[in-house]
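This report concerns only the one structure given below.
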Amino acid sequence: MKKNSATRGKRTTKRASTRKASFLNKKMYQKKGTGTRRRKKTVLSTKTIAIITAVLVACLVVTILCTQVFKDELDHLFAKKYSVTDIDGSKKSYTADELKEQVESDKFYQGISVDGVDLSGKTLEEGRIMFAEIRHQQVNELVDIHFQIGNDDVRLQTDGMNLASNIDDVLLEAYNYGKTSTLEGGDGLVERYNLIKDLKTNPKNFQSAFTLGDEQVSLLTHAALDGYDSPATEAKATGFDAARQEFIIEESKSGMTVDIDKAIADVNAAFADRNYKAVIPVSTTVINPKTTAEELRSKLGKVSSNTSKTKDDANRNTNIYLICKELDGIVLQPGEQFDFNARIGQRTPEKGYKEAAGITNGISGPEYGGGICQANTMLYHSVMEADLQVDFRVAHSWPSDYVDAGTDATVSWEWPTFKFTNNTDYPVAIHAWYGDSWVTVEIFGRLLPNGEKIKFFGEPELLIDEEPTEIEYEADPTLPVGQKVKERSAHNHKLAKAYKVRYDADGNEIKREEMLTEYRMIKAKYRVGTLAPDGTTFYMDPKTGEVSAPAGYVDPATTATTAPPPDTTAAPDTTAAPEPTTPPNEGEGNATPEG
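Following this note's numbering, the numbering of the sequence shown begins with 673 at its first residue and continues without gaps.
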């Protein structure tokens, strides 16, 4: 123990001595040579810089060498790896570039076919050349589409048309399969790799299709089926059986609506499915008519009838007979208008019409078809009592003697005419005949409701009955002086009232309508002769009809009587004036005759 203590004491003394000596040397150095120390320090810094610079240059050279010479090896060494499963089930890792090399191709991938034709390894252009002939294939070589509508088989008429093929679009779609991805970067390459790999075990076939084009399909389908699209035909009166006094009614028929839009869509769908020999069922809907012939017949009957006695004039009665034949059996459908002149036509000798009394410009005289107004007036009465719509009616120049004043209706070629419209929902028929000097016109159609009846008649008392106060005179240089010929009879100015009265089934008045008819005043007219025996024209006073000689006129007959020459005989008497006559209608200008 003592030895160890002594040893430690020696060590402690020695360290203290060493520290002291070092301190003394350091101090001496600072005092003796400050400049020398600074020089040594500068020399050490330069060496250090040189070494560092050399190291940096060496590093730069190595870096450049590695970048240029060993770039690919370095990229591959540090690039991201993508794991994929190969066709044999083994796992493999590829960089993005390695994947890109495997998926990029300017050809169809292995396992790609179009319409069953293998295009593996073909370019897009090579594929287009292979399918070039398809583009011009005729429709009738491929298409045979039929519509089944009821029991009818209707072919879609496509002969001679060219099909449009989508082969170019399908080839492009097949070519691009596996060449794009919705994912980005390496993930997209992995997806493409998997698609291409799957083609080797699951080949993909792309199908092309033909079409006529939407517009052509629509036109052809309409052409094939529009004839089946028809409305229901309601029971319709096509004529009138006068002997049986009933309508000839055509039975109603069911109609059909065809779903054209669906048929067009079905044709397009068949083309899209490459079913070019399809039978397409057509959807239809039956439209039933609202009435049958029997139902229509039950609602029709005689609505009105009017008759009047004719004059004892063979020509006039012949004209009335012919008009009745023309009128008999005429059928008007709902909404149809009857126009007397348009329907009957001009009354001519070629048609058998005779000359009989008619009224032209207020003057009664012969005309072809004279007297037919009596039949037309009976028609007018029956139309009123059938409650049909009167569109146009003109009264005579003066009241007729075969009906009440205010209820007559005249017609003449070309004006006036008589018009009425069937304003009911049912057909209307005219039944007219002449026999034993009686003319009758009836209206058949829908019966008035609840057994109602209508009567059309005139008020016996005239509202106005005014006689003319003047006579019209007209100078006639073809008649002897002072001779008068009656050209036109006088007719009073009259205002008549007529009634259209509706009665219920018990004869009670329900409704009364009034209508007024005015007959213009017609002055009597005379032609007065103004021709003197010597050819001189005398003056006539238009107010009185008196004739006077012109100023200074000397009657040759008077002179001869007063101083006859010797050995002469007296002048003979003037020839007697002709009997008055009633002129025909010729030369009346625009005057319109009345029947």
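Even glycine gets a Cβ: it sits at the ideal position worked out from N, Cα and C.
It should be emphasised that the depicted structure is a prediction, and the values quoted were computed from it without experimental measurement.
According to the DSSP assignment, H1103 belongs to no alpha helix (DSSP H) but to the beta strand (DSSP E) extending over 1100 to 1107.
Counting along the chain, N978 sits inside the beta strand (DSSP E) bounded by residues 972 to 981. Membership of L867 in the alpha helix (DSSP H) is indicated by the continuous run 857 to 871. By the Cβ neighbour-count rule, G1224 is exposed, with fewer than 16 other Cβ atoms within 10 Å of its own. Scanning G1017, G788, D938, D931 for the CA closest to the CA of K876 turns up G788.
Judged by their CB atoms, A904 and N960 are nearer to each other than the 8 angstroms cut-off.
For F912, the enclosing beta strand (DSSP E) starts and ends at 908 to 913. Counting only residues of its own chain and dropping the five nearest sequence neighbours on each side, I1182 has a CB closer than 6 angstroms to the CB of R1174, D1176.
Apart from the 5 residues on each side of it in sequence, E1131 sits with its Cβ closer than 6 angstroms to the Cβ of K1169 in its chain, given in chain order. For K934, the secondary structure class from DSSP, reduced to helix, strand or coil, is helix. Taking the C-beta atoms as reference points, Y993 is found nearer than 8 angstroms to Y1106. If the five residues before and after I995 are omitted, its C-beta is found closer than 6 angstroms to the C-beta atoms of I1044, A1047, all from its own chain and listed in chain order. Along the length of the stretch 767 to 846, whole beta strand (DSSP E) runs at least 3 residues long occupy 784 to 786, 818 to 821, 824 to 827, reported in chain order. When DSSP states are grouped into helix, strand and coil, Y1074 belongs to the coil group.
Under the DSSP definition of a beta bridge, Q1155 lacks any partner. Pairing D1059 with T1093 gives a Cβ-Cβ distance that is not under 8 angstroms. Counting along the chain, A895 sits inside the alpha helix (DSSP H) bounded by residues 886 to 897. Listed in chain order, the beta strand (DSSP E) elements of length 3 or more contained wholly in the stretch 975 to 1032 are 1009 to 1011, 1027 to 1032.
For V1055, the enclosing alpha helix (DSSP H) has its first and last residue at 1044 to 1057. The shortest C-alpha to C-alpha distance from Y1145 to any of K962, S1161, D1213 is the one to D1213. Note that the C-beta distance between K1158 and Y1198 is below 8 angstroms. Closest in C-alpha terms to K983, from the list W1110, K869, H1068, comes W1110. Two segments are said to touch when three or more pairs of C-beta atoms, one from each, lie closer than 8 angstroms; by this definition the stretch 865 to 873 does not touch the stretch 916 to 931. Between I1016 and L1119, the alpha-carbon positions lie close to 27 angstroms from each other.
When secondary structure is reduced to three states using DSSP, T718 falls in the helix class.
Partner residues in the beta bridge of R1199, as assigned by DSSP, are E1146, V1157.
The alpha-carbon of K971 is positioned some 27 angstroms away from that of F1012. Proximity to Y754 across G858, L1167, T957 peaks at G858, based on C-alpha coordinates. Judged by their CB atoms, L843 and F803 are nearer to each other than the 8 angstroms cut-off. Residue range 956 to 959 is occupied by the beta strand (DSSP E) that includes T956.
Bounds of the beta strand (DSSP E) holding R1118 are 1110 to 1118. With contacts defined as CB atoms closer than 8 angstroms, V775 and Y849 fail to qualify as a contacting pair. Straight-line spacing of the CA atoms in Y1074 and E966 works out to 39 angstroms.
The Cβ atoms of N991 and A1028 lie closer than 8 angstroms to each other. Your pair T1202 and D1148 checks out as a contact, with CB atoms roughly 7 angstroms apart and the cut at 8 angstroms.
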